[in-house]
Amino acid sequence: MEASVKEIIIDIFFEEENLSSSDTKQDNFQYIGETIVQNFSEDGQLYEFPYARVAKHVYESTELTEEENEVLLENLDSLKKYCAEKHKYIIESFYHKFINHYRLSKVQKDFMMRVSKEAKSIADDASDQWKKTGEAVESLTSQANTLKDIVEKTGNMSQENKSSQKEIEKQLALLQADIDKADEQLDKIENIKGSIYTEFIAILGIFSALIFGLFGGFQGLSEAVVKLSDSWSIGRVLIIGSGIMMSLSLLIFGLLQWVARLTGRKLTSCNCYEKGTECKHSVFLRHRTLFSLVFSFIFIFILGEYIEIFESNFNVEEINGFVKASLLYGIPAILVFVIGVVMYLIFRNKKEK
């Protein structure tokens, strides 16, 4: 698929080593700065930054976690240094978003690599155990065959040796029971080995969706509020913002429920699961955190409708910028706090055990 102008600009910062060393360095970066302003900004605000392109370069690179791309950092520093004075604000925003997402992607890559190594180690251990169990089964089978041969050879023994033959048959039965147990254990190990990769990939996928959902959702919400607050009333911003935040809350809750199901835990607000008793609470009491969050956003939605109707009927001016800023940063902060509490409730049982 053909790359867009924004993606090509991102590629240039990662791949072009000659930008900072040529004789026309200042002209090059001034031209790039003009291109960034034309394609990345609107009404003096930076929007639609291609985070996925930055993450692609980080994931495909071979640099270590503690290393940073010197070509990228040098090109970004030169861009900030040589850009036109009238574009300073846009270039500064572009610079900080680029650096922050680059380092965030390196942290995510490091986490995924560590989890992959741990999963491979567990799978290798399971494979070794499976081989050892198989060797033990072969040894027991060999002993059983030897005893069977002895029984066959002593089948025509006299009455005096019948007691010894019964003892041998008894030992043979015990060995056969051990073989059956070993076969059962071997089947369990094989099933565990097959499920390790599946659960690992599922949890890693949920984690990635959760991270990108949080950052992408909050980024999109903040850009929408900043862009629309100048032309829309505060009531309409509250209506749209509460709807987006409620959708994000339900998405994140669904992902956390999936993680809880994979890890064998239950994501509930009551302590019935901890006591080991059957939960007879209603769905509202069982998930108080979720419904409290949903009702809060419904309240904000109704408040926005009220303000919209009030402003429309009485020609009241919009609420001042301080309230807008409080809503812009306060609502995401409350959601992040609630998510932290829910994550603590999920993994608390494991730590206590």
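Just so we're aligned, residue 1 is where the sequence shown starts under my numbering, counting upward by one. Every residue, glycine too, gets a C-beta built ideally from N, C-alpha and C.
As computed with DSSP, Ser41 is found in a beta bridge with Leu46. In terms of CA proximity to Leu285, Asn271 leads the group Asn271, Gln129, Phe297 and Gln143.
Annotated three-state conformation of Leu267 is coil, per DSSP.
The region 89-108 makes contact with the region 47-59, as at least three CB pairs between them are under 8 Å.
Ser242 and Phe291 do not touch by the CB rule: their CB atoms are close to 15 Å apart, not below 8 Å. Secondary structure of Lys80 (DSSP, three-state): helix. For Cys272, the enclosing alpha helix (DSSP H) stretches over residues Cys272 to Lys275. Taking all protein chains shown into account, Thr146 has fewer than 16 neighbouring C-beta atoms within 10 Å of its C-beta and is therefore exposed.
Shortest Cα-Cα distance from Tyr47 to any of Lys25, Leu72, Ile90 and Leu250 involves Ile90. Only buried fits Val37, as 16 or more other CB atoms lie within 10 angstroms of its CB.
In the three-state reduction of the DSSP assignment, Glu278 falls in the coil class. Closest by C-alpha distance to Gly134, out of Leu174, Leu186, Gly33 and Ile32, is Leu186. A direct Cα-Cα distance of roughly 45 Å separates Leu238 from Glu118. Here DSSP, grouped into helix, strand and coil, assigns Asn69 to coil.
Ranked by how close their Cα comes to the Cα of Leu175, the residues Ile189, Lys188 and Lys148 have Lys148 in first place.
Under the three-state reduction of DSSP, Thr146 is assigned to helix.
Contact between Phe94 and Phe40 is confirmed by a C-beta separation of about 6 Å, below the 8 Å threshold. In this structure, DSSP gives His101 a helical state, which the three-state scheme calls helix. Here Asn100 is exposed. Its C-beta has fewer than 16 other C-beta atoms within 10 Å.
Between Ala182 and Ala136 a beta carbon distance of about 6 Å is seen, short of the 8 Å cut, so the two are scored as contacting. Here Thr35 is not near Ile10, since their CB atoms are 8 Å or more apart.
In this structure, Leu303 lies away from Ser249, with their beta-carbon atoms at least 8 Å apart.
Taking C-beta atoms under 8 Å as the contact rule, Thr268 and Cys279 qualify, at a distance of about 7 Å. With respect to the 8 Å criterion, Glu308 and Ser233 are classified as neighbours on the basis of their beta carbons. With fewer than 16 other Cβ atoms inside 10 Å of its own Cβ, Phe299 counts as exposed.
When the alpha-carbon of Gly276 is set against those of Ser282, Lys266 and Ser139, the nearest one is in Lys266. Ile189 is not a Cβ neighbour of Thr141, given a cutoff of 8 Å. Here His281 is exposed: its Cβ has fewer than 16 other Cβ atoms, across all protein chains shown, within 10 Å. By the Cβ neighbour-count rule, Tyr59 is exposed, with fewer than 16 other Cβ atoms within 10 Å of its own.
In this structure, the beta-carbon distance from Lys80 to Phe49 does not fall below 8 Å.
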